[in-house]
Every structure is written in C-alpha cells, then in structure tokens.
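Residue numbers (the numbering used here): 116 to 487.
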C-alpha cells in the first residue's frame with residue numbers, strides 16, 4: 116500500500132514538474148498520427164491544409180494527435196487551431212474540385228495553393244509517392260518566395276494574393292485547368308499574370324523527363340508570377356519589357372542550377388537550347404567577340420519575341436542590375452509595368468541612357484563572368 120502510494124505521488128509530481136520529460140512525446144504534447152506515412156507529420160506543419168489527410172478521423176487533417184501521457188495546453192490549443200484551419204481552407208479551396216469535376220490533390224501554404232496530380236516521381240535516387248511530392252513542391256515554392264523577397268528586398272505586404280501552381284499528369288486536365296484558372300489554354304505551360312497569379316502545366320514524362328527539369332520549369336514560371344504580382348499587378352512582358360520579365364526568371368534558374376533552359380514561348384520543346392544552358396560563359400564569349408545583341412534591340416522585345424541570344428543577354432542585364440542595387444532594380448520593374456520605355460526608366464532611376472548602360476554591363480561581364 117505504501118509503495119503504491121509512493122508511486123502515485125511520484126507520478127503526480129512528474130506530471131506537475133516541467134523538468135520531467137514525457138517519454139512518449141518528449142513533452143511537446145503531440146504525437147504523429149499513426150494513420151499516415153512515417154515522418155510526414157513534421158511536413159504537415161508547413162501547410163495550412165493538405166487534402167491527402169484532411170478527412171482523417173484520428174487527427175482531423177492536422178497530421179498530429181494529442182499525447183495522452185502528458186498535459187500540454189499550448190500543444191492542444193495549436194492542434195485545435197490547425198484542425199479549424201483545415202476545415203476553413205477545405206471550404207475555400209472547394210472551387211478547384213468543382214471546376215475540375217473531381218477531387219484534386221492539393222495543399223495550401225502561407226503564400227501558395229499547390230495542386231499536384233503526379234502520383235510518383237524519382238527525386239534524386241529515390242522514388243517519392245504523391246503525398247510526399249505534394250509537400251516537397253510546396254516547400255520548394257516557399258523557398259523560391261523567400262529567396263525572391265530577400266534577394267530583391269521586397270516585403271510580404273507588397274503582395275495581395277497567393278500564387279496558384281497546378282501540375283497535372285494528363286494533357287486534358289491541364290487544358291481544363293488552364294481554361295478555368297488562367298483564362299486561356301495552350302499545350303505548354305499556361306500562366307495568368309498580375310491578379311490571381313496562376314501557373315498550370317502538364318508534368319508528364321513526355322514533357323519533363325526528370326524531376327530537375329520540372330522543378331526548373333516551375334521555378335522559372337513562378338518567378339514570373341511573383342514579379343507580376345508585386346505591388347502593381349501587371350504582366351510587363353506583353354509590353355516592350357520582356358527582357359526584365361524573362362531575364363529575372365532565367366536569373367533564378369541560374370541561381371539554383373547554373374543552367375538556363377526554360378523558354379516561355381516554347382516550353383514544350385525540351386530540345387531548345389542555347390550554349391548548353393551555361394549562359395554566363397556564353398554571354399562572356401558574345402561580349403568578347405563583339406557578338407552580343409544590341410541592348411537597344413533587346414529592350415524593344417516582348418517576352419515571347421526574344422531570340423535565344425537575347426534571352427541570354429536579358430538574363431545578364433538582370434544579373435548586372437541586381438548585383439549593383441536590387442532595390443533600384445525593383446523600382447525599374449515598377450516603371451516598366453506602367454509602360455514607361457526602358458530607356459526612359461533607366462535615365463530616371465540610374466541616371467544613364469542605353470548606350471552607357473551597355474558599356475557598363477559589358478565591363479561587368481568581362482570582369483566577373485567565367486572564361487571557361
């Protein structure tokens with residue numbers, strides 16, 4: 116009797132003592148839901164809603180359950196908030212299922228709504244299944260957003276809407292989604308710029324034979340979306356500002372892979388290439404040989420009228436301007452959205468004209484770009 120009383124007293128003391136660690140949950144107050152894949156619970160923390168587990172009776176779509184072995188009021192409150200968020204976001208995103216006439220695999224994060232219909236894909240040396248792939252893409256897109264915000268000194272409040280990204284297995288789904296969410300259809304990727312920024316693409320192996328190619332395509336096109344939605348929602352690429360629109364999207368390809376091989380006017384043709392995608396070397400060689408496209412000509416193009424060499428030059432112009440002053444670069448982008456010609460915007464923001472810009476840019480290329 117005495118021993119039992121002592122054990123009960125010790126248990127009560129342990130429950131009241133914050134220094135005593137719960138052996139089941141290490142005192143975090145929650146445990147991964149056993150109904151779902153191992154190690155996925157932590158990834159659920161990065162989303163507001165995940166349709167794959169939203170109907171789970173055990174966790175209510177949170178990915179976690181309360182730890183019955185300890186009392187953690189803060190953890191319980193957070194679980195309740197997450198479950199409420201799941202229900203709220205389920206209702207808010209129901210239009211996607213309605214427009215596609217079936218339930219679509221999707222999640223929502225702080226800055227994105229991601230639709231992902233590829234069931235299986237090899238990432239690195241490992242095949243991943245749909246649920247993990249959905250979260251991987253959400254994490255990748257959030258990384259791009261955070262890098263964009265840091266690289267270009269922009270703020271969260273500069274953006275009014277979340278970015279929508281849809282990746283489909285079948286061309287018919289992509290066509291239907293493009294019409295519903297982008298307002299137009301095309302065999303290749305389709306974007307809606309400015310307000311309601313959206314990108315839809317068929318991610319099948321016929322279009323992308325590796326995860327890296329698909330990832331690069333998403334980075335390129337979502338960079339377009341983020342730029343178009345910044346402060347003054349508008350697609351500058353349809354005006355004579357394609358160089359900045361395309362140049363920045365290529366800049367992010369180069370940032371992550373040192374390769375640029377995505378072209379918005381011909382996304383379906385994976386054989387399109389310019390100098391193996393190694394554009395820093397290619398641009399240096401063009402400058403050294405006096406073969407670089409004239410800046411005055413590049414500054415007159417829309418996004419879909421840039422030649423391959425002009426795409427490379429546009430990337431390098433953006434690289435030069437960001438290198439010296441990212442805040443001025445974003446001021447320039449806002450001027451171009453207002454249809455102000457590049458030559459006038461350069462003069463206003465930087466104090467020089469097109470000829471002087473070209474000379475400064477060439478000096479930068481020769482001083483900083485690789486020779487081989």
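Each residue gets a CB set at the ideal place from its N, CA and C atoms; glycine is no exception. Owing to the predicted nature of the structure, the values given are computational and were not obtained by experimental measurement.
Counted within 10 angstroms of its Cβ, other Cβ atoms place residue i as buried (16 or more) or exposed
i, result
"residue 136", "exposed"
"residue 160", "exposed"
"residue 408", "buried"
"residue 260", "buried"
"residue 426", "buried"
"residue 195", "exposed"
"residue 353", "exposed"
"residue 230", "buried"
"residue 416", "buried"
"residue 391", "exposed"
"residue 233", "buried"
"residue 405", "exposed"
"residue 495", "There is no way to answer for residue 495, as the model of the chain reaches only from 116 to 487."
"residue 466", "exposed"
"residue 360", "buried"
"residue 418", "buried"
"residue 482", "exposed"
"residue 322", "buried"
"residue 75", "In the structure displayed, the chain extends from 116 to 487; residue 75 sits before or after that span and is not available."
"residue 312", "buried"
"residue 357", "buried"
"residue 364", "buried"
"residue 169", "buried"
"residue 460", "buried"
"residue 438", "exposed"
"residue 472", "buried"
"residue 150", "exposed"
Residues near residue i by beta carbon distance below 7 Å, same chain, minus five either side
i, result
"residue 289", "283, 315, 316 and 317"
"residue 180", "145, 146, 148, 173 and 174"
"residue 337", "256, 259, 278, 280 and 314"
"residue 474", "none"
"residue 371", "334"
Three-state class that DSSP yields for residue i in the structure shown
i, result
"residue 262", "helix"
"residue 333", "helix"
"residue 477", "helix"
"residue 273", "helix"
"residue 438", "helix"
"residue 303", "coil"
"residue 451", "helix"
"residue 556", "No answer is possible for residue 556: it lies beyond the span of the chain, which begins at 116 and ends at 487."
"residue 233", "coil"
"residue 472", "helix"
"residue 163", "coil"
"residue 389", "coil"
"residue 315", "strand"
"residue 223", "strand"
"residue 254", "helix"
"residue 487", "coil"
"residue 406", "coil"
"residue 327", "helix"
"residue 244", "strand"
"residue 348", "coil"
"residue 374", "coil"
"residue 267", "coil"
"residue 342", "helix"
"residue 286", "helix"
"residue 145", "strand"
Sequence-distant residues of the same chain with beta carbon closer than 6 Å to residue i, five excluded per side
i, result
"residue 267", "441 and 445"
"residue 238", "326"
"residue 274", "344"
"residue 281", "230, 292 and 315"
"residue 140", "146 and 182"
"residue 422", "none"
"residue 487", "none"
"residue 310", "348"
"residue 355", "415"
"residue 457", "414"
Neighbourhood of residue i by C-beta, 8 Å cutoff - its chain only, sequence neighbours within 5 removed
i, result
"residue 476", "410, 431, 432 and 435"
"residue 464", "443, 446, 447 and 450"
"residue 204", "163, 164 and 223"
"residue 341", "259, 260, 263, 274, 278 and 312"
Contact test: residue i Cβ vs the ligand SAM heavy atom, cutoff 8 Å
i, result
"residue 247", "In the structure shown, the ligand SAM is absent, as is every other ligand, since no ligand is present at all."
Can you confirm whether the stretch 232-251 touches the stretch 148-168 when touching is taken to mean that 3 or more C-beta pairs between the two stretches lie within less than 8 Å? In short, these stretches touch, since the Cβ pair count reaches three.
Does the contact criterion of 3 or more C-beta pairs under 8 Å hold for the stretch 223-235 versus the stretch 298-312? no
Is there contact between the stretch 452-470 and the stretch 336-351, where contact requires at least three CB pairs shorter than 8 Å? yes
Check whether the stretch 179-196 and the stretch 214-221 touch, using three or more Cβ-Cβ pairs below 8 Å as the test. Three or more beta-carbon pairs separated by less than 8 Å are not found between the stretch 179-196 and the stretch 214-221, which leaves the two stretches without contact.
Using 8 Å as the cut-off, can you tell me whether the stretch 320-329 makes contact with the stretch 391-403, which would need three or more C-beta pairs spanning the two stretches below that distance? no
In the stretch 179-217, which residue ranges form an unbroken beta strand (DSSP E) of at least 3 residues, counting only runs that do not cross its ends? List check, beta strand (DSSP E) in window: 179-181.
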